[in-house]
Amino acid sequence: MKKQILTILSAAATLAACAADADWKIEAARVDTMTRYVGATAANGEIGIRLGRNPMEVENVYCASLVADGSAIDVSRLLTSINPFGLKFISKDGSGLVAAEVDQTIDMRRAVHSSEMSYPGIKVTYEVRALRSLPHAGMVRVGVSADRPVDFFVVNRHEVPSAYGDNAKADRRVIGVEGGKLSMNRSAAPFNGGKETVVVMSAFAADGSGLTPVSPDTLRVSLGKGQQVAFDLFGVICTSSEYRDPWNEAERQLIYALREGGDRLIGKHEGLWADLWKNEVSAGGDEELTRQARFALYNIYSNLLSGSRRSLAPLGLTGPGYFGHIFWDAETWMYPVVLYLNPGLAKDMINYRVDGLDAARVRARAHGYRGAMFPWEADVRGEESTPTFALTGPLEHHITADVANAAWDYFEATSDTLWLREEGYPLIKDCADFWASRAVRNLDGSYSIRNVVGADEYAVSVDDNAFTNGAARRNLRVAALAAAVCGRPADPMWKAVADNLRFITMDNGVTAEYDGYAGQMIKQADVNLLAYPLDVITDPRQIRRDLDYYSQRLDRKHGPAMARSVLAVLYNRIGDRDEAMRQLEMSYRPHLRAPFGVFAETPANNNCYFLTGAGAFLQALIEIFPQN
Numbered sequence: 042m043k044k045q046i047l048t049i050l051s052a053a054a055t056l057a058a059c060a061a062d063a064d065w066k067i068e069a070a071r072v073d074t075m076t077r078y079v080g081a082t083a084a085n086g087e088i089g090i091r092l093g094r095n096p097m098e099v100e101n102v103y104c105a106s107l108v109a110d111g112s113a114i115d116v117s118r119l120l121t122s123i124n125p126f127g128l129k130f131i132s133k134d135g136s137g138l139v140a141a142e143v144d145q146t147i148d149m150r151r152a153v154h155s156s157e158m159s160y161p162g163i164k165v166t167y168e169v170r171a172l173r174s175l176p177h178a179g180m181v182r183v184g185v186s187a188d189r190p191v192d193f194f195v196v197n198r199h200e201v202p203s204a205y206g207d208n209a210k211a212d213r214r215v216i217g218v219e220g221g222k223l224s225m226n227r228s229a230a231p232f233n234g235g236k237e238t239v240v241v242m243s244a245f246a247a248d249g250s251g252l253t254p255v256s257p258d259t260l261r262v263s264l265g266k267g268q269q270v271a272f273d274l275f276g277v278i279c280t281s282s283e284y285r286d287p288w289n290e291a292e293r294q295l296i297y298a299l300r301e302g303g304d305r306l307i308g309k310h311e312g313l314w315a316d317l318w319k320n321e322v323s324a325g326g327d328e329e330l331t332r333q334a335r336f337a338l339y340n341i342y343s344n345l346l347s348g349s350r351r352s353l354a355p356l357g358l359t360g361p362g363y364f365g366h367i368f369w370d371a372e373t374w375m376y377p378v379v380l381y382l383n384p385g386l387a388k389d390m391i392n393y394r395v396d397g398l399d400a401a402r403v404r405a406r407a408h409g410y411r412g413a414m415f416p417w418e419a420d421v422r423g424e425e426s427t428p429t430f431a432l433t434g435p436l437e438h439h440i441t442a443d444v445a446n447a448a449w450d451y452f453e454a455t456s457d458t459l460w461l462r463e464e465g466y467p468l469i470k471d472c473a474d475f476w477a478s479r480a481v482r483n484l485d486g487s488y489s490i491r492n493v494v495g496a497d498e499y500a501v502s503v504d505d506n507a508f509t510n511g512a513a514r515r516n517l518r519v520a521a522l523a524a525a526v527c528g529r530p531a532d533p534m535w536k537a538v539a540d541n542l543r544f545i546t547m548d549n550g551v552t553a554e555y556d557g558y559a560g561q562m563i564k565q566a567d568v569n570l571l572a573y574p575l576d577v578i579t580d581p582r583q584i585r586r587d588l589d590y591y592s593q594r595l596d597r598k599h600g601p602a603m604a605r606s607v608l609a610v611l612y613n614r615i616g617d618r619d620e621a622m623r624q625l626e627m628s629y630r631p632h633l634r635a636p637f638g639v640f641a642e643t644p645a646n647n648n649c650y651f652l653t654g655a656g657a658f659l660q661a662l663i664e665i666f667p668q669n
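Residue numbers (my numbering): 42 to 669.
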């Protein structure tokens, strides 16, 4: 135990002395004096724990299965969980102890968020992990070193969001198990109109000298000068969305964590992260850029869970923005990086769409089309959840092609013919059938796709949007390729429509974003996506014309990060590395928020961690800096 304590208390100093490990750490010194602070999240694909600037502060906790259904006045959304990880130091007279000199560190290699801080007479280390090895659980490890005799209480009281009102119930219980008794802190609350329940449990693991359990939620710490001690807090979140009996399941998982012990769980956690990091990213000898790239990948990995058949929302489990819905962001911006580095996790992402195919078929029929029509904002069931005030839901149809093209990309990357036959091809085929019925034949024999919103969401209800038509063309062509692999006949309409979709060129030789486009400001890259990732435009001269034109029309303040990443890729491909590097810088640096470099969606906002932009940034970095 003493050896373990010494290891905990000296961890930061040991890691700082190792240059290799230092490259994997992001440090924020004296965060209590900072005026700006955007917290980072420890996540494991099932739960997300967003940490705050104050000592041992957890701002919010999220659980992937804690999702409210849509209603007459709202859409499906990710809910904030009851927080089982709240800790406070309380003196014997009941007043709170005040910390100073708080330093925070994110160790990406080991996936631990840690703090070092000072209280009167004591020094404290505080580590938070969203356990990769036990995805419904998180773990807090605290080390205390006394500079003088101290006697205080550590209190773990569950923090219940106001949205649950008076419906949350709490109890503190001591249960008998083989070999002894366990003290547990439990809270539960209904959601979805009382149809479902979230159950949250926590317990201390404290067996050292100087530690005395007082109650399930209170631990007494009594130390003499020079003494050291450490303890763990485990928290588990289960919902009836995943378990028919979340009450007992949460309790069973907590018992398992307590019996397994912190050291073994940390070992498993770090082992799983080591597997993920077998394939990582680098920017050559640029250490700062490499660290930013690792942090981007760290956040993407943190929000994926192997075997889950789930995809990625723009903010993952870092916050409630965009309600936790799944957009084209997943397939277009995050998925390519995941597929490149970890095809197993990419398979989960595309299988989420396979599981939503029946819902997409229903949606196509409801709109008068054949095949499958995927939702712009998909909920956990794969159904449309776009708020009705946003015209993207009814009109941003390119998502269907984005999904199909991602499915084909998975096959091309893995040669998994069995998956293609059983799961991929039905999806790709139905998406192609949608476009064959969605396109309208013109008098000159060409085909148009009318009344859409493209990648540039500033342009609403336009005809022949460049990206939509380009994505649809690729979907139609890969459907024929997939049919050949699977020994199935290809619909002749797929080729007829693909070969004759309209792409409009303006008088200056630039590809028009849509029919009638006249130089308006754009939200993000649209035409440029024809060159990357679609490969519809391959002539370097045309790529240059389109780049130089549309790069000047991007909304610099409110446009998301992805556009600059696309431009970086393309400038690099046509041999303009200087401009590629400039665009790469613009794709991430204005979006980083202090103190850790949390990635914001636009240069003007501070929304949690924008995984979409991180994925696009990584695509550009991998293009410019070829990986081993």
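C-beta: ideal position from N, C-alpha, C; glycine also.
Alpha-carbon spacing of residue i relative to residue j, whole angstroms
i	j	result
Val169	Arg150	14 Å
Gly550	Val538	24 Å
Ser349	Asp389	6 Å
Glu554	Leu575	15 Å
Asp286	Asp212	17 Å
Gly93	Val99	6 Å
Leu522	Pro533	13 Å
Glu453	Ile367	23 Å
Glu311	Trp318	10 Å
Leu625	Pro631	11 Å
Ser106	Val322	30 Å
Asn383	Arg543	36 Å
Asn197	Phe508	52 Å
Glu498	Ala407	24 Å
Asp556	Met562	15 Å
Lys598	Arg586	24 Å
Thr48	Arg582	Caution applies to Thr48, whose pLDDT of 40 falls short of 50 and renders its modelled position unreliable; the value that the coordinates give is listed next. Near 60 Å, if we compare the C-alpha coordinates of Arg582 and Thr48.
Glu283	Leu264	43 Å
Ala57	Ala63	Note that Ala57 has pLDDT 39, beneath the 50 cutoff, so the model's placement of it is unreliable and no number is given.
Gly135	Arg173	36 Å
Met158	Tyr381	40 Å
Asp316	Pro257	36 Å
Asn541	Gly465	26 Å
Where the beta strand (DSSP E) through residue i begins and ends
i	result
Thr238	237–246
His164	Going by the sequence as given, residue 164 is Lys instead of His. Unbroken beta strand (DSSP E) run through Lys164: 163–171.
Pro254	252–256
Residue i: first and last residue of the uninterrupted alpha helix (DSSP H) it sits in
i	result
Ala221	Before going on, a small fix: residue 221 reads as Gly here, not Ala. It is not in any alpha helix (DSSP H) - Gly221 instead sits in the beta strand (DSSP E) that spans 221–232.
Lys388	384–396
Thr509	507–527
His439	439–455
Glu626	618–629
Pro435	433–436
Ser606	603–614
Residues of its chain near residue i, where Cβ-Cβ distance is below 6 Å and the 5 sequence neighbours each way are ignored
i	result
Asn101	Arg91, Thr121
Tyr167	Met97, Ser156, Val183
Arg394	Val444
Asp73	Val143
Gly276	Pro125, Phe126, Gly179, Ser243
Arg335	Met149
Sequence-distant residues of the same chain with beta carbon closer than 8 Å to residue i, five excluded per side
i	result
Ala230	Ile123, Val201, Tyr205, Asn208, Ala209, Lys210, Thr238, Val239
Cys59	Note on Cys59: pLDDT 46, under 50, position unreliable in the model; no value is reported.
Neighbourhood of residue i by C-beta distance below 7 Å, restricted to the same chain and skipping five residues each side
i	result
Met375	Ile341, Leu353, Leu652, Thr653, Gly656
Ile46	Note that Ile46 scores a pLDDT of 39, beneath 50, so its modelled location is shaky; the value from the coordinates is reported in the next line. These residues qualify, in order along the chain: Gly184, Gln269, Val270, Ala271.
Gly111	Ser117, Ser426
Leu588	Asn569, Leu608, Leu611, Tyr612
Ser2	As shown, the chain starts at 42 and ends at 669. That puts residue 2 outside it, with no answer to give.
Asn648	Leu356, Gly360, Gly362, Ala641, Glu642
Can at least three beta-carbon pairs, one atom from the region 186–203 and one from the region 116–135, be found at a separation below 8 Å? yes
When the Cβ atoms of the region 335–345 are set against those of the region 82–92, are three or more pairs found closer than 8 Å? Touching, per the Cβ criterion.
Tell me the start and end of each unbroken alpha helix (DSSP H) in the region 286–362 that is at least 4 residues and wholly inside, in chain order. List check, alpha helix (DSSP H) in window: 287–301, 303–317, 328–343.
How about the region 413–422 and the region 483–493: do they share at least three Cβ pairs that are nearer than 8 Å? no
Say whether the region 299–315 touches the region 629–642, bearing in mind that this needs 3 or more beta-carbon pairs closer than 8 Å, one atom from each stretch. no
The region 617–624 contacting the region 550–570, beta-carbon criterion three pairs below 8 Å: no
For the 8 Å Cβ check, are there 3 or more pairs between the region 475–488 and the region 509–519? yes
Counting pairs of beta carbons, one from the region 327–339 and one from the region 214–230, are three or more of them closer than 8 Å? No: fewer than three Cβ pairs fall under 8 Å.
List, from N- to C-terminal side, the beta strand (DSSP E) runs of 3 residues or more that fit wholly inside the region 144–211. 153–160, 163–171, 178–187, 191–196
Just list the alpha helix (DSSP H) runs in the region 57–119, keeping only unbroken ones of 4 residues or longer that don't cross its boundaries, in chain order. The qualifying runs are 60–63.
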